[in-house]
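In our numbering, the protein residues as written are 24 to 103.
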Amino acid sequence: DSEWYQERSRAPRRVANKTPKKPEEQVLKIRSRLEKSKYSQIGAMAIRWEMEKLDIKPLPTWTIDRILKRHNVVREKEKY
């Protein structure tokens, strides 16, 4: 077939396991609320615990961590 290069791409057109927008927004909203508290934890496990407390179906910790990294809200640890 001399016109093979004109075929449409077979690559996936969407990510099959992408987190829906609503839970992602909830994670970011909880994170910003926790950041405003003086002594609160702000990591993925704290966000998951807060979701359970608010009767929101919690996401896996690694998913919350990926969401935070995707939105550039993870801070680098200070080196001593």
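For each residue, glycine too, the CB sits at the ideal point set by N, CA and C.
Exposed unless 16 or more other CB atoms sit within 10 angstroms - verdict on residue i
i	result
L91	buried
V38	exposed
P21	The structure shown does not extend to residue 21, since the chain spans only 24 to 103, so no value can be given for it.
R93	exposed
Q29	exposed
Residue interval of the alpha helix (DSSP H) (run including residue i)
i	result
S55	K44 to K59
D88	T84 to R93
W72	A67 to K76
- Query: Okay, do the region 27-39 and the region 59-69 touch, 3+ Cβ pairs below 8 angstroms being the bar?
  - Reply: no
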